[in-house]
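Trainee: 521 is the number of the first residue of the sequence shown in my numbering; add one for each residue after it. Input: one structure, supplied below.
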Amino acid sequence: MTAAVPTVSDADAAVILARCEELARHSSLTDGIERTYLSAEHAAVNYRVAGWMAAAGLTTWQDAAGNQCARLSGRTRGLPALMFGSHLDTVRAAGRYDGILGVLVAITVTGRIAASGRPLPFALEIAAFGDEEGTRFGTTLLGSRAVAGTWLESWWDLRDASGTSLREAFAAFGLDPAKVGDAARAPQELVGYLEAHIEQGPVLEEENRALGVVTGIAGARRFLLTVTGSAGHSGTPWPRRRDALAGAAECITTIERIARAEGLTATVGHLRVFPDAVNVIPGKVEFSFDLRAPDDADRDRGWTLIEAALTDICATRALHLDSNQVHEAAAVACSPRLRAAIAAGIRSTEGGAEAPAEPAPRELPSIAGHDAMAIAAITDVGMLFVRCAGGISHHPDESVTSADVALAVDALEAAVRALAADYPAR
Ligand code: GLV
Ligand code: MN
Ligand code: MN
């Protein structure tokens, strides 16, 4: 038996995976990956990614919000652009592919089109967003919301764990807060937005498919909840205790119970206990709460139920509950035009007329949030999902195969060509 000859796509996928490995080394942690907005690691990956963009034949710039951008002209100068995007920041203890893969796939696809000598009837752009995860400042999608022109003035006073404000972090990164509006793009400058991303779920793997078409993205709300009781000696008798941590624990299991019953996705992932000592009753607990649903009305109804239940729990325990919403993103439907182009792109990877008939490309929703949610405010969005091992994400074990990455590059290029063939018909 002879070994299969590697294809151009295999070689492209190998480069993409090697680049993912390289970017993973730009981390603020010595024992894992964490790369946050406006950090030294952010500057370093922007520099590296800009080099790869330039080598692919693209014009590059860093925008007024620290997003690393690139452009390939279409048939004539100044045409509106089909924008590709995803993010270069990570959660704490992250994997190598969430966000990063989409940026690197986009560079390869755009480079192929640049090298083909067949310019498109629109320009191509890439936005490698600096903040999607919200790891540093608590609120999320900062990079893509700057591009969407939905930046909020109230964000300037957000502070990271070390007390640095977003305004100060901008200046330290060499950006001018007064100019953040320059990052905003107008709808007429864009033809649409495409994002490739790992699935972050098990559906494609369970169904033995490499790629999928995203139908829409769940709406999300995030809160910082604070339960206040009274700190005191751990020897205090039961009737006199107002233990904020015991109350928060009951709140957290109640969130889980209500969310399961209502078909919502809910996560408490961060907790701070004050004063945090072994022999002191906790007087205050802060915890994060992330709530998602494909339908915003279901999500909002869920929050009303949960807030009422938590208020009752706290009242029964003589505790006080404060809730502060730190993020809200509406559910987004992917555009039928872009879904059809991505489906056509996936079909084109399935081997042509002689290949056995494949079932239609899998369509699936995303519970995970994406930059596409922010960009939907200014243009149509579409997303291509790539299978990831075990559906694992936000974890060092995130994994994709080279074969799937090769298919993703081919499918995305074919999707762009399908859009170009129909352009400007919409
Ligand atoms: C981002 O990955 C999110 O879904 O929170
Ligand atoms: Mn993520
Ligand atoms: Mn992501």
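Just so it is clear, CB atoms sit at the ideal spot from N, CA and C, and this is done for glycine as well.
1. To which residues of the same chain is Gln582 closer than 8 Å at the C-beta, ignoring the five residues directly before and after it?
2. Does the distance from the CB of Val625 to the CB of Ala648 come in under 8 Å?
3. Is the CB-CB distance between Thr655 and Arg612 below 8 Å?
4. Return yes when the Cβ of Thr660 is within less than 8 Å of the Cβ of Trp675, no when it is not.
5. If you reduce the DSSP assignment to three classes, tell me which class Leu858 lands in.
6. Buried or exposed: which applies to Pro881, given that a residue is buried once 16 or more other Cβ atoms fall within 10 Å of its Cβ?
7. Between the Cα of Ala689 and the Cα atoms of Leu932, Ala938, Ser559, which residue gives the shortest distance?
8. Does Gly948 come out as helix, strand or coil in the three-state DSSP assignment?
9. Based on Cα-Cα distance, which residue from Ala703, Glu715, Ala829 lies nearest to Thr773?
10. Looking only at C-alpha atoms, which of Phe743, Leu765, Leu811, Arg761 sits nearest to Ser843?
11. Counting beta carbon pairs with one atom in the stretch 896–906 and one in the stretch 849–859, are three or more of them shorter than 8 Å?
12. Can you tell me the Cβ-Cβ gap for Leu578 and Ala634, rounded? I've got them flagged as a contact below 8 Å.
13. Identify whether Ser529 lies in helix, strand or coil by the three-state DSSP scheme.
14. Got a sec? Which residues, its chain only, sit under 6 Å from Cys771 by beta carbon, not counting five neighbours each side?
15. Please state if the CB of Asp763 and the CB of Gly749 are separated by a distance shorter than 8 Å.
16. Are the beta-carbon atoms of Gly594 and His562 separated by less than 8 Å?
17. Take Pro707 and list the residues in its own chain whose beta-carbon comes closer than 8 Å to its own, dropping the five residues that flank it on each side.
18. For Asp651, which residues in the same chain have their Cβ closer than 6 Å to its Cβ, ignoring the five residues on either side in sequence?
19. Span of the beta strand (DSSP E) holding His847?
20. If you drop the 5 nearest sequence neighbours on each side, which residues of the same chain put their C-beta closer than 8 Å to that of Ala584?
21. Using a Cβ-Cβ cutoff of less than 7 Å, which residues in the same chain neighbour Asp938 once the five nearest sequence positions on both sides are dropped?
22. Which residues have a Cβ closer than 6 Å to any heavy atom of ligand 2, listed in chain order?
23. Let's see if you can read the secondary structure: which residues bound the beta strand (DSSP E) around Gly739?
24. Pull up the distance between the alpha-carbon of Ile536 and that of Thr628, whole angstroms please.
25. Just mark Glu719 as buried or exposed, buried being the case when its beta carbon has 16 or more other beta carbons within 10 Å.
26. Hey, how far is the Cα of His890 from the Cα of Arg777?
27. DSSP state of Asp609, grouped into three classes?
28. Could you give the residue range of the beta strand (DSSP E) that holds Thr787?
29. Buried or exposed: which applies to Arg545, given that a residue is buried once 16 or more other Cβ atoms fall within 10 Å of its Cβ?
30. Rounded to the nearest angstrom, what separates Val525 and Val906 at their Cα positions?
31. Please go through the stretch 655–724 and give each complete alpha helix (DSSP H) segment of 4 or more residues, from N-terminal end onward.
32. What first and last residue would you give for the alpha helix (DSSP H) that runs through Ile826?
33. Assign Ser606 to buried or exposed, taking buried as 16 or more other Cβ atoms, counted over all protein chains shown, within 10 Å of its Cβ.
34. Would you kindly check if the distance between the Cβ of His847 and the Cβ of Asp618 is under 8 Å?
35. Considering only their Cβ atoms, is the gap separating Met893 from Ile737 smaller than 8 Å?
36. For the beta strand (DSSP E) containing Leu811, list its first residue and its last residue.
Mentor: The answer reads as follows:
1. Here residue 582 refers to the residue found at position 62 of the sequence shown. The answer, listed in chain order, is Asn566, Ala570, Gln588, Cys589.
2. In the sequence shown, counting from the first residue as 1, residue 625 sits at position 105. In the sequence shown, counting from the first residue as 1, residue 648 sits at position 128. No.
3. Taking the sequence shown and counting its residues from 1, one reaches residue 655 at position 135. Taking the sequence shown and counting its residues from 1, one reaches residue 612 at position 92. It is a contact, given that the beta carbons lie within the stated cut-off.
4. Along the sequence shown, one-based indexing puts residue 675 at 155. Along the sequence shown, one-based indexing puts residue 660 at 140. No; because the gap between Cβ atoms is not below 8 Å, this pair is not in contact.
5. Taking the first residue of the sequence shown as position 1, residue 858 is located at position 338. Leu858 falls in the helix class under three-state DSSP.
6. By 1-based counting over the sequence shown, the position of residue 881 is 361. Pro881 comes out buried.
7. Here residue 689 refers to the residue found at position 169 when the sequence shown is read from its first residue. For Ala689, the nearest C-alpha among the options comes from Ser559.
8. No statement about residue 948 is possible, as the shown extent of the chain runs from 521 to 946 and does not include it.
9. Locating residue 773 in the sequence shown gives position 253, counting from the first residue. The candidate whose alpha carbon is nearest that of Thr773 is Ala829.
10. As a first step, residue 843 is located in the sequence shown; it is residue number 323 there, counting from the start. Answer by Cα proximity: Phe743.
11. yes
12. In the sequence shown, residue 578 corresponds to position 58, counting from 1. In the sequence shown, residue 634 corresponds to position 114, counting from 1. A Cβ-Cβ distance of about 7 Å is found for the pair Leu578 and Ala634, placing them in contact under the 8 Å criterion.
13. For this step, residue 529 is matched to residue 9 along the sequence shown. Residue state, collapsed to three classes: helix.
14. On the sequence shown, residue 771 is found 251 positions in, with the first residue counted as 1. Once the five neighbours on either side are set aside, the close Cβ partners of Cys771 are Leu830, Ile833.
15. Within the sequence shown, residue 749 is the residue found at index 229, counting from 1. Within the sequence shown, residue 763 is the residue found at index 243, counting from 1. For Gly749 and Asp763, yes; Cβs fall inside 8 Å.
16. For the purposes of this step, residue 594 is identified with residue 74 of the sequence shown, where counting begins at 1. For the purposes of this step, residue 562 is identified with residue 42 of the sequence shown, where counting begins at 1. Not in contact: Gly594 and His562 (Cβ atoms no closer than 8 Å).
17. Your numbering for residue 707 matches position 187 in the sequence shown. Ile898, Thr899, listed in sequence order.
18. By 1-based counting over the sequence shown, the position of residue 651 is 131. Tyr557, Asp609, Leu662, Gly663, listed in sequence order.
19. Locating residue 847 in the sequence shown gives position 327, counting from the first residue. Taken as a continuous stretch (DSSP letters only), the beta strand (DSSP E) holding His847 covers 840–849.
20. The residue given as residue 584 occupies position 64 in the sequence shown. The residues are Ala666, Leu695, Asp696, Lys699, Val700, Gly701, Asp702, Ala703.
21. Counted from its first residue, the sequence shown places residue 938 at position 418. The residue asked about is misnamed: residue 938 is Ala in this sequence, not Asp. Hits under 7 Å: Ala861, Ala864, Gly865.
22. Val611, Asp618, Glu653, His914
23. By one-based count along the sequence shown, residue 739 stands at place 219. Note, Gly739: beta strand (DSSP E), 739–748.
24. Numbered from 1 along the sequence shown, position 16 holds the residue referred to as residue 536. Numbered from 1 along the sequence shown, position 108 holds the residue referred to as residue 628. Their backbone Cα atoms lie some 8 Å apart in a straight line.
25. Walking along the sequence shown from the start, residue 719 turns up at place 199. That one is buried.
26. Position 370 of the sequence shown, counted from the first residue, corresponds to residue 890. Position 257 of the sequence shown, counted from the first residue, corresponds to residue 777. About 27 Å.
27. Position 89 of the sequence shown holds residue 609. In the structure shown, Asp609 sits in coil (DSSP, three-state: anything other than H, G, I, E or B).
28. If you number the sequence shown from 1, residue 787 lands on position 267. First-last of the beta strand (DSSP E) with Thr787: 785–787.
29. Position 25 of the sequence shown, counted from the start, is the residue given in the question as residue 545. Exposed: under 16 other Cβ atoms inside 10 Å.
30. For the purposes of this step, residue 525 is taken as residue 5 along the sequence shown, with counting starting at 1. For the purposes of this step, residue 906 is taken as residue 386 along the sequence shown, with counting starting at 1. Answer to the nearest angstrom: the Cα atoms are 23 Å apart.
31. Qualifying alpha helix (DSSP H) stretches, in chain order: 662–668, 686–692.
32. Stepping through the sequence shown from its first residue, residue 826 is reached at position 306. Per DSSP, Ile826 belongs to the alpha helix (DSSP H) from 816–836.
33. Here residue 606 refers to the residue found at position 86 when the sequence shown is read from its first residue. Per the 10 Å Cβ criterion, buried.
34. The residue labelled residue 618 in the question sits at position 98 within the sequence shown. The residue labelled residue 847 in the question sits at position 327 within the sequence shown. No, the pair does not count as a contact, with Cβ atoms beyond the cut-off.
35. Within the sequence shown, numbered from 1, the residue matching residue 737 stands at position 217. Within the sequence shown, numbered from 1, the residue matching residue 893 stands at position 373. In this structure, Ile737 places its C-beta atom within 8 Å of the C-beta atom of Met893.
36. Position 291 of the sequence shown, counted from the start, is the residue given in the question as residue 811. Segment 804–813, the beta strand (DSSP E) holding Leu811.
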